[in-house]
Amino acid sequence: KTGKEISVEWYQQADDFYDVFARVNKDGMAFFIDHTGKPLSTEKYSWAGRFDRGVAMVRKNKKIIIIDKTGKEITPEGHLEGGGTGFSEGFARVEKDGKWFFIDKTGKDVFKKRFTSTLDFSDGVVVVRDDKGWFLIDKNGNELFKDRFETLNPPEEGLFSVLDGGNFFWIDRKGRRIF
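The numbering of the sequence shown is my numbering, which starts it at 49 and goes up by one.
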């Protein structure tokens, strides 16, 4: 806020602050710093997602784990298999055996559904893909409409751009064509 340099460290990469911490990279390893430049802990990770609602997803020893704001591992039963992304609106995308699903900050599989591809949650919904195409689900895992599209993009000003059958148009969150 003051323009004062908070850290004398130099990083190869530094992200914006989310939920009190910024993700930084040095010597090929990721870790988190607070607004004073102090590291969250001495732990370093091969990959780290950003903090969201008090938790972050990181890769340590080739395993995906969830940590809290103290740096403590809170992943149930040790580790998550496969790959993952950071948290967004309280959910993280996790990949296992070529399929994607969502977990909450406790590591629980929240929808018990698998997708061929997903984006991050935005404005309370997420764009997902199954074998038939792209569509939307809400934070309860409910499909917002039955149509499937070739391409469906994240919301912009509450509308979703679609490319389907060579046609470009916009829909609302109920799948109604706007223009």
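C-beta: ideal position from N, C-alpha, C; glycine also. Bear in mind the structure is a predicted one, so any value in this text is a computation, not a measurement.
Query	Result
Span of the beta strand (DSSP E) holding L184?	181-186
When we look at the beta-carbon of F80 and count the other beta-carbons within 10 Å, is it buried (16 or more) or exposed?	buried
Hey, how far is the Cα of R221 from the Cα of W58?	43 Å
Within its chain, find whatever has a CB closer than 6 Å to the CB of R101; leave out the 5 residues flanking it on each side and keep chain order.	G138
So, are the CB atoms of L207 and I185 less than 8 Å apart?	no
Considering only DSSP beta bridges, list what W148 is partnered with.	E143, F163
Between which two residues does the beta strand (DSSP E) containing Y59 stretch?	Careful: Y59 lies outside any beta strand (DSSP E) and carries neither H nor E.
To the nearest angstrom, report how far apart A62 and D212 are at their CA atoms.	38 Å
Would you call F216 buried or exposed, if buried means 16 or more other Cβ atoms sit within 10 Å of its Cβ?	exposed
For S187, which of S165, T154, F150 has the nearest alpha-carbon?	Note on residue identity: the sequence assigns Lys, not Ser, to residue 187. Nearest option by C-alpha distance: F150.
Would E143 be called buried (16 or more neighbouring beta carbons within 10 Å of its own) or exposed?	buried
Using DSSP with H/G/I as helix, E/B as strand and the rest coil, what is S94?	coil
Kindly indicate the opening and closing residues of the beta strand (DSSP E) around N73.	69-74
On the three-state DSSP scale, how would you describe F169?	coil
Are the CB atoms of L274 and V175 nearer to each other than 8 Å?	With the chain represented from 49 up to 227, any question about residue 274 goes unanswered, as that position is not in the structure.
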